[in-house]
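Visitor:
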Amino acid sequence: MSLSLPTIFSEELQRLPSPQLVIFRDRLLSNLDSMLKVAKSPSRLRPHCKTHKMHRIIRLWLERGVYKHKAATIAECEMCAAAGATDVLYAYNPVGPNINRLVSLAGAYPQCRFKVTTDHEGPLRQLSAAAAAAGVTIGVMLDVNVGMDRTGITPETPGAAELYDLVRQLPGLEQAGFQVYDGHQRQADLMQRRVAVAEQWPRVLQLRAAVESLGSQVPTFACGGTPTFPCYAAMSDPAIETCPGTSVLSDSGYGNAFPDLPFAPAAAIVTRVVSRPAANRMTLDVGNKAVAADPPKGARVLFPQLPDAVQDIHSEEHLVLVTPEADKYQPGDVLLAIPVHVCPTSALYDRAVVVDNGRIVDSWEVTSRNRRITW
17 MSLSLPTIFS EELQRLPSPQ LVIFRDRLLS NLDSMLKVAK SPSRLRPHCK
67 THKMHRIIRL WLERGVYKHK AATIAECEMC AAAGATDVLY AYNPVGPNIN
117 RLVSLAGAYP QCRFKVTTDH EGPLRQLSAA AAAAGVTIGV MLDVNVGMDR
167 TGITPETPGA AELYDLVRQL PGLEQAGFQV YDGHQRQADL MQRRVAVAEQ
217 WPRVLQLRAA VESLGSQVPT FACGGTPTFP CYAAMSDPAI ETCPGTSVLS
267 DSGYGNAFPD LPFAPAAAIV TRVVSRPAAN RMTLDVGNKA VAADPPKGAR
317 VLFPQLPDAV QDIHSEEHLV LVTPEADKYQ PGDVLLAIPV HVCPTSALYD
367 RAVVVDNGRI VDSWEVTSRN RRITW
């Protein structure tokens, strides 16, 4: 997929302060439609909102018949429910005060079914007590670890089936299935990714058989992320839901790593030259408070206009590029940068400017960039 960007008319760029996150509306809509095409049905899609965190994008999904969503924070859960989603998976194991926050949210949005993940009996019992006391029902998915080793319980762990079976025995809870997140499967070749997913899947099915032998049900598998999205979409099990997130806006990181994915960058950062400290150096205002800094230094943004520029100093408010083309630029000149990792980048902005056919047409709030909205 091309890592070029659509045009923004010069007079429109001059209106924008920098750094500023922009979204290309036509690219965004194309990505949403491509995700639906890969999934084959809205019922097979549970997109993760962590990438965009925007109420307006949830509304676009609802217009396309996608009512199930995935979230990583309680603020994101609230945003989805407020936008009209009817099924929200909080893909996180709730602990501490977040248990009561989630239960309060469920009480405030009775039209939305809230689900969580679990891999430990202690927080599960606390969630049960809080939900039962509040008179709400929370769906619980067993967090199945198939190799990422970040959270979850492996299918072979003694007691895994019994932990999930416990859900149906506790008040205020109901069984919702398994979450199977495999963010470690990052093979560049699609066929290699498909083989890796196929090799890990029998372990999941064996665990399902074990819990069914106890009398429990596994109605749904919430599977994968963006890299393995096409792998799970190609599988025939009707219980599978695919959970891509980054593909909504896409970025240069996934664009380069997974060329098979049919998604184009729909977000960019408007940045300006602020200094020319040497003949081959130019300093921009896209510091590490303006773009995600979790990629390695020197590889946090892509400049389509200057693909070979070396990113040297990257501090809080400055990015120094080393390039023989620096003499073509003067302070005040505007460039567009594609984030390497768009998900944390969107959280750095209050609003995103929306561009369509080269013109600024709207400004969307990044609704759940903070940790709390109401609850």
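Under the numbering used here, read the sequence shown as residues 17 to 391, first letter to last.
The C-beta atom is built at its ideal place from N, Cα and C for all residues, glycine as well.
If we require 3 or more residues per run, which beta strand (DSSP E) segments fall completely within the region 229-255?
Guide: Within the region 229-255, the complete beta strand (DSSP E) runs of at least 3 residues are 237-239.
Visitor: If the criterion is Cβ atoms closer than 8 angstroms, does the pair V326 and V317 meet it?
Guide: No, these two residues do not count as a Cβ contact at 8 angstroms.
Visitor: Answer yes or no: do Q195 and A107 have a C-beta to C-beta separation smaller than 8 angstroms?
Guide: Against a cut-off of 8 angstroms, the Cβ pair of A107 and Q195 comes out as a contact.
Visitor: Go ahead and label E92 buried or exposed: buried means 16 or more other beta carbons lie within 10 angstroms of its beta carbon, across all protein chains shown.
Guide: So E92 ends up on the buried side.
Visitor: What do you reckon, are the CB atoms on A363 and W380 nearer than 8 angstroms?
Guide: The answer is no: Cβ separation not under 8 angstroms.
Visitor: Grouping DSSP H, G and I as helix and E and B as strand, with all else coil, what is E257?
Guide: Looking at E257 - three-state DSSP - the assignment turns out to be strand.
Visitor: Looking only at its own chain, which residues have a Cβ that is under 6 angstroms from the Cβ of L206, when we skip the five neighbours before and after it?
Guide: Excluding sequence neighbours, L206 sits near D276.
Visitor: Helix, strand or coil for T133 per DSSP?
Guide: Reduced to three states, the DSSP call for T133 is strand.
Visitor: Do L19 and A284 count as a contact pair if the criterion is CB distance below 8 angstroms?
Guide: Not a contact, by the Cβ cut-off of 8 angstroms.
Visitor: On the three-state DSSP scale, how would you describe I285?
Guide: In the structure shown, I285 sits in a strand (DSSP, three-state: E or B).
Visitor: Tell me whether D181 sits in a helix, a strand or coil according to DSSP, three-state version.
Guide: Here D181 sits in helix by DSSP.
Visitor: Hey, which unbroken runs of the beta strand (DSSP E) at 3 residues or more fall wholly within the region 254-342?
Guide: Here the runs fully enclosed are 256-258, 283-294, 297-300, 326-330 and 335-338.
Visitor: Taking only three categories from DSSP, how would you classify G112?
Guide: It is coil, neither helix nor strand.
Visitor: Measuring CA to CA, which of I389, R375 and T244 is closest to L32?
Guide: Minimum Cα distance to L32 is reached at R375.
Visitor: Let me make sure I understand the geometry here. Which of P126, R117, T89 and I115 has the alpha-carbon closest to that of D416?
Guide: Residue numbering for the chain in the displayed model covers 17 to 391; residue 416 lies beyond these limits and cannot be assessed.
Visitor: Threshold first: 4 residues or longer. Then list the alpha helix (DSSP H) segments lying entirely within the region 151-217, N to C.
Guide: Here the runs fully enclosed are 176-183.
Visitor: Near S144, what residues of its chain come up, given a Cβ to Cβ distance below 8 angstroms and the 5 sequence neighbours on each side ignored?
Guide: Correct list, in chain order: L186, P187, G188 and L189.
Visitor: Unbroken alpha helix (DSSP H) runs of length 4 or more, entirely within the region 48-86: which are they?
Guide: You should have 71-79.
Visitor: In the DSSP assignment, find the unbroken alpha helix (DSSP H) run with A99 in it and report its ends.
Guide: I90 to A99 is the extent of the alpha helix (DSSP H) around A99.
Visitor: Would you check if the distance between the CB atom of A295 and the CB atom of A353 is smaller than 8 angstroms?
Guide: The answer is no: Cβ separation not under 8 angstroms.
Visitor: In angstroms, rounded to a whole number, what distance separates the CA positions of F319 and P355?
Guide: Whole-angstrom Cα-Cα distance: 9 angstroms.
Visitor: Would you tell me roughly how many angstroms separate the C-alpha atoms of H299 and L37, rounded to the nearest one?
Guide: It should be pointed out that residue 299 corresponds to Thr in this sequence rather than to His. Answer to the nearest angstrom: the Cα atoms are 18 angstroms apart.
Visitor: Given that a residue counts as buried once 16 or more other Cβ atoms are within 10 Å of its Cβ, and exposed if not, what is N114?
Guide: Label assigned to N114: buried.
Visitor: Excluding the five sequence neighbours on either side, which residues of its own chain have a C-beta within less than 8 angstroms of the C-beta of S331, listed in chain order?
Guide: The residues are G303 and N304.
Visitor: Is P355 helix, strand or coil when you go by DSSP?
Guide: Residue state, collapsed to three classes: strand.
Visitor: For R292, which residues in the same chain have their Cβ closer than 6 angstroms to its Cβ, ignoring the five residues on either side in sequence?
Guide: These residues qualify, in order along the chain: M298.
Visitor: Whole angstroms is fine: what's the gap from A14's alpha carbon to L29's?
Guide: Any answer about residue 14 is impossible in this case: the structure gives the chain only from 17 up to 391.
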